[in-house]
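Peer 1:
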Amino acid sequence: MRRIDRRRAGSARKVAKSVATALALLLAAACGRSLYAPPACSDGVDNDDDGRTDLDDPQCSGPGDDDEGPGGAADADAEVEVESGSDADAGDDADIGPDGEGGPDAGDDGDAPVDTGPDGEADTGADGDTGDDGEEADGDAREPCEDGRPCDAMPMGRCVSGACAAIWESTADGDRLGQAVALEGARAPVAPLLSPGLALIGAPEGTAYWGHAAVWEAAGWTEAAAWDGGTALERFGWAVAIGPDLGGSIGLALAVGTMTGAAPAAHGRVAIYGSADPRAPVQELPGLLEGSTFGAAVAWGPDVTGDGVEDLVVGAPTFRPGADTVGAAFLYAGGTWTQVRSWSGTPGSLFGTTVARGPAGGTGRGAMTLVGAPGVDTPASDAGCVYLYEGTADTWSWSQCGEGLLAGFGKALAAGTDVDGDGDGDFAVGSPGWNDRTGKVDLFALSAPWRSWVGSAEGDDFGWAVALGPDADGRAGGELLVGAPGVGGHRGRVLLFRFDEEAPLRVWDGETAGDRFGCAVSLGGDVDGDRRADALIGACGSGFRPGKVYLFGSGSW
Numbered sequence: 031m032r033r034i035d036r037r038r039a040g041s042a043r044k045v046a047k048s049v050a051t052a053l054a055l056l057l058a059a060a061c062g063r064s065l066y067a068p069p070a071c072s073d074g075v076d077n078d079d080d081g082r083t084d085l086d087d088p089q090c091s092g093p094g095d096d097d098e099g100p101g102g103a104a105d106a107d108a109e110v111e112v113e114s115g116s117d118a119d120a121g122d123d124a125d126i127g128p129d130g131e132g133g134p135d136a137g138d139d140g141d142a143p144v145d146t147g148p149d150g151e152a153d154t155g156a157d158g159d160t161g162d163d164g165e166e167a168d169g170d171a172r173e174p175c176e177d178g179r180p181c182d183a184m185p186m187g188r189c190v191s192g193a194c195a196a197i198w199e200s201t202a203d204g205d206r207l208g209q210a211v212a213l214e215g216a217r218a219p220v221a222p223l224l225s226p227g228l229a230l231i232g233a234p235e236g237t238a239y240w241g242h243a244a245v246w247e248a249a250g251w252t253e254a255a256a257w258d259g260g261t262a263l264e265r266f267g268w269a270v271a272i273g274p275d276l277g278g279s280i281g282l283a284l285a286v287g288t289m290t291g292a293a294p295a296a297h298g299r300v301a302i303y304g305s306a307d308p309r310a311p312v313q314e315l316p317g318l319l320e321g322s323t324f325g326a327a328v329a330w331g332p333d334v335t336g337d338g339v340e341d342l343v344v345g346a347p348t349f350r351p352g353a354d355t356v357g358a359a360f361l362y363a364g365g366t367w368t369q370v371r372s373w374s375g376t377p378g379s380l381f382g383t384t385v386a387r388g389p390a391g392g393t394g395r396g397a398m399t400l401v402g403a404p405g406v407d408t409p410a411s412d413a414g415c416v417y418l419y420e421g422t423a424d425t426w427s428w429s430q431c432g433e434g435l436l437a438g439f440g441k442a443l444a445a446g447t448d449v450d451g452d453g454d455g456d457f458a459v460g461s462p463g464w465n466d467r468t469g470k471v472d473l474f475a476l477s478a479p480w481r482s483w484v485g486s487a488e489g490d491d492f493g494w495a496v497a498l499g500p501d502a503d504g505r506a507g508g509e510l511l512v513g514a515p516g517v518g519g520h521r522g523r524v525l526l527f528r529f530d531e532e533a534p535l536r537v538w539d540g541e542t543a544g545d546r547f548g549c550a551v552s553l554g555g556d557v558d559g560d561r562r563a564d565a566l567i568g569a570c571g572s573g574f575r576p577g578k579v580y581l582f583g584s585g586s587w
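Numbers given in the working numbering equal positions in the sequence shown, counted from 1, plus 30.
#1: Suppose the cutoff is 6 Å on Cβ atoms and the five residues either side in sequence are ignored; what does the same chain contact list for Ala346 look like?
#2: One question on the structure: do Ala233 and Val245 come within less than 7 Å of each other, judged by their Cβ atoms?
#3: What does the alpha-carbon distance come out to for the pair Arg179 and Leu319?
#4: Near Pro311, which residues of its chain fall below 7 Å by C-beta distance, leaving aside the five closest residues on each side in sequence?
#5: Can you give me the Cβ contacts of Glu340 inside the same chain, cut-off strictly under 7 Å, excluding the 5 residues immediately before and after it?
#6: Would you say Trp483 lies against chain D (beta-carbon separation less than 7 Å)?
#7: Quick one: what's Ser411 bridged to in DSSP?
#8: Classify Tyr66 as helix, strand or coil using the three-state DSSP reduction.
#9: Would you say Ala413 and Gly432 are within 7 Å of each other, going by their C-beta atoms?
#10: Thr422 to Leu361, Cα distance in whole Å?
#11: If you draw a straight line from the C-alpha of Asp96 to the C-alpha of Ala210, how long is it?
#12: When DSSP labels each residue in this structure, what does Ser486 get in the three-state scheme?
#13: I believe Gly455 touches Asp448 by the beta-carbon criterion, under 8 Å. Please report the beta-carbon distance rounded to the nearest angstrom.
#14: In whole angstroms, what separates the C-alpha of Tyr419 from that of Trp426?
#15: Say yes only if the C-beta of Gly236 is nearer than 6 Å to one or more non-hydrogen atoms of the ligand HEM, and no if none qualify.
#16: I'd like the list of long-range same chain contacts for Gly259, defined as Cβ closer than 6 Å, with 5 residues on each side in sequence excluded.
#17: Please state whether DSSP places Ser584 in a helix, a strand or coil.
#18: Span of the alpha helix (DSSP H) holding Arg299?
#19: Just reading off the alpha helix (DSSP H) that Asp556 is part of, what are its end residues?
#20: Note the first and the last residue of the continuous alpha helix (DSSP H) segment covering Asp466.
#21: With DSSP run on the structure shown, which of helix, strand or coil describes Ile567?
#22: Determine the closest residue to Val579 out of Gly215, Ile231, Thr376, with distance taken between C-alpha atoms.
#23: Mapping the DSSP letters down to three states, classify Ala256 as helix, strand or coil.
#24: Any idea if Arg371 is buried or exposed, counting beta-carbon neighbours within 10 angstroms, 16 or more meaning buried?
#25: Excluding the 5 residues flanking Thr29 on each side, which residues of the same chain have their C-beta closer than 6 Å to its C-beta?
#26: Looking only at C-alpha atoms, which of Thr368, Glu541, Val537, Pro500 sits nearest to His520?
#27: Does the beta-carbon of Ala565 have 16 or more other beta-carbons within 10 angstroms, so that it is buried, or is it exposed?
#28: DSSP three-state call for Gly336: helix, strand or coil?
#29: Determine the burial state of Asp424: buried for a count of at least 16 other Cβ atoms within 10 Å of its Cβ, exposed for fewer.
#30: Secondary structure at Ala403, three-state DSSP: helix, strand or coil?
#31: Name the one or two DSSP bridge partners that His242 has.
#32: If you follow the beta strand (DSSP E) that Gly499 is in, where does it begin and where does it stop?
#33: Ala514 to Gly460, Cα distance in whole Å?
#34: From Thr201 to Pro576, what does the alpha carbon distance come to, in whole angstroms?
#35: Just list the residues that DSSP pairs Cys431 with in beta bridges.
#36: Closest to Glu532 by C-alpha separation, out of Gly516, Ala495, Leu473, would be which residue?
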C-alpha cells in the first residue's frame, strides 16, 4: 500500500515528526491537556496530528481534521487535506483555486473533481455526474437526503475489498458517519424489530454537531429508527452500544459526550432505547457536571445488582468535581437506572475515555468493568493505563500501564470473549500511539498477558479501535478485530486475527486517503444467518468527513 505524505519525505519527515511531537508535548504540558483528550480547539495542541499547532477553528473535531492552511493560517473549510505536496491550498480539498471548489486533482487518486454543471460547485465524481439536477447521474453518486441522514445511501456503494454485505454512506459533509458502530447478531424477534440482527451507527457531527444515530434491521437492512441530537454541538452518537433484554425488548444504549453548548447538553447524556418503541427513549441518564463529556463511552455487561437485567457503564473522561479534571466512570443498574457505583481517575488521566464489561466466570472473580485512561503519565507522558473493577467494588483489583511516550494504552478496549478457557471473559487493549504511532494491541487473560500484535509502520495508529468475538469456525478461543486508521495517508486498514495466530486471518483496506477506515469496529455476531460472527467497520473520515460504514459477512473471509 503506497503511503501518502502531505508534507515531506525521507529523513526530513522523521525530523519534522520528532520536532512536532516535542512541541506538542510542551504545549500539552503548558495547557494541561493530553493528546488523547476529547475534541477541542484553541488549545495549542496538534489534535489532528498534521504536525502543526491547532489554531482557533470552530470546525476542529479531532484526529483527521485539517485546522490550518498554508503557513499556519486558519483553514476556512476545515476539510481533510488530500494533497500529496507541501503547498496545500486555502480550501484543502484537492483544488488550487481560492474558492475551495473545483480544479485539478492533487490527491493522486486519479479523479479530477471538476465542475461540469451549472451550479459552480465541484462534482462528486470523475465519471460525468454533474450533481446539479437533484437526481443520481450515475450508479455510485447520491444526492443528499432532506435531513442529511444516510437514508438512501445503502446498500449501494463500492466494497473496499472482498464481499461487502452492505454499505452505509452519508451524503452530508461533516457528518462523520461511522465514528461509532455496534453490531448485534440474532436474538428472539420482538416487534417492531423483527430482524435476525441489528446495526447501530452514530454520526456525531451532522447538522452543526447536533449529531445523528440510526438502527438498522438485518432483514433487508431497513432503518428501524433514527434519532437526532437535542442541541447544537452535542455530538449525539459519539458512542453507541447494543444491550440486553429490557423486560421483553431489545435494549439499545446510545450515548454522546458533549464538548460545548448550553446546559444541560454540556453535561453530556446517555439515551437508552428499547424495541417496544425504538423512536423514543426508555430512559435518559444526564451527566452531573458541565463539561464532563458524560457519555463519551458506553458498555453493557453482566448484572451485578441482582435485578436480572444487564447493567450499563458510562465514561466521562473530562469529569471535574473540583480543581482538577480527573475523569470518571459510572455504573447503572439496568432494571432501575439508579447509579450503583462511580469510579474516578487522577488529574489529566482522561479516565473513562473507554469502558468495557465482561462476564462472571469459573474463577469466581465476578463480573468485571474495565476503564481506560490513556492520558495517564506513568511511566511516560500519555503512556496510559487500564483499571479493572470487580462487581461493585470501589477500588480496582488490577491495573496495567502502557509502554513509552504517547502510547495511549487504553485508547481502545474490548471485553467479553474467553481466551484461555477458564470461563472468565478476557479483554484486549489498544495502544495506538505506541512507538511513534506504529501501534500495539495486547490481549489479556484477566491479569496475565496472552498475546500482542503490533502495527507495520510509524503512523499506522494500529489499535485505534478493537473488538472481540467468537471464532468464525467455532474453534476454541476467538477472534480480534483491529482498526489502524492511519495506514496509507489515513486511508486506513482493518485486520482480523485469531487469538492463537500472529499473522492476520483477513485484511481490509480503505478506499482513499483520508477515509480513516477502521476508526471504529464491531465484531458483534451473526447477522447473515451463517452462524458466524460478522464485522461492522466505520470510516469516519471518508471524503470531507461525511463518513461510511461497511458490513462484511464472515462468509467472505
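Cβ coordinates follow ideal geometry from the N, Cα and C atoms, glycine included. Note that the structure is predicted; figures quoted are calculated from it, not measured.
Peer 2: Reading off the structure:
#1: Ser322, Thr323, Phe324, Ala358, Gly382
#2: no
#3: Note that Arg179 scores 33 on pLDDT, short of 50, meaning its location in the model is unreliable; the coordinates nonetheless yield the value given after this. Rounded to the nearest angstrom, the two C-alpha atoms are 30 Å apart.
#4: Ala301, Ile302, Tyr303
#5: Gly273, Pro274, Trp330, Gly331, Pro332, Asp333, Gly364
#6: Given the protein chain composition of this structure (a single chain), no chain D is represented.
#7: DSSP lists no partner for Ser411.
#8: coil
#9: yes
#10: 8 Å
#11: With a pLDDT of only 42 at Asp96, under 50, the local geometry of the prediction cannot be trusted, and no value is derived from it.
#12: coil
#13: 6 Å
#14: 5 Å
#15: As presented, the structure is devoid of all ligands, the ligand HEM included, so that no description of it is given.
#16: Trp240, Gly241, Phe266
#17: helix
#18: Premise fails: Arg299 lies in the beta strand (DSSP E), 299-303, not in any alpha helix (DSSP H).
#19: Note, Asp556: premise wrong, no alpha helix (DSSP H); not H, not E.
#20: 464-467
#21: strand
#22: Ile231
#23: strand
#24: buried
#25: Only positions 31 to 587 of the chain appear in this structure, which leaves residue 29 out of reach.
#26: Glu541
#27: buried
#28: coil
#29: exposed
#30: strand
#31: Ala233, Asp258
#32: 495-500
#33: 10 Å
#34: 6 Å
#35: Cys415
#36: Leu473
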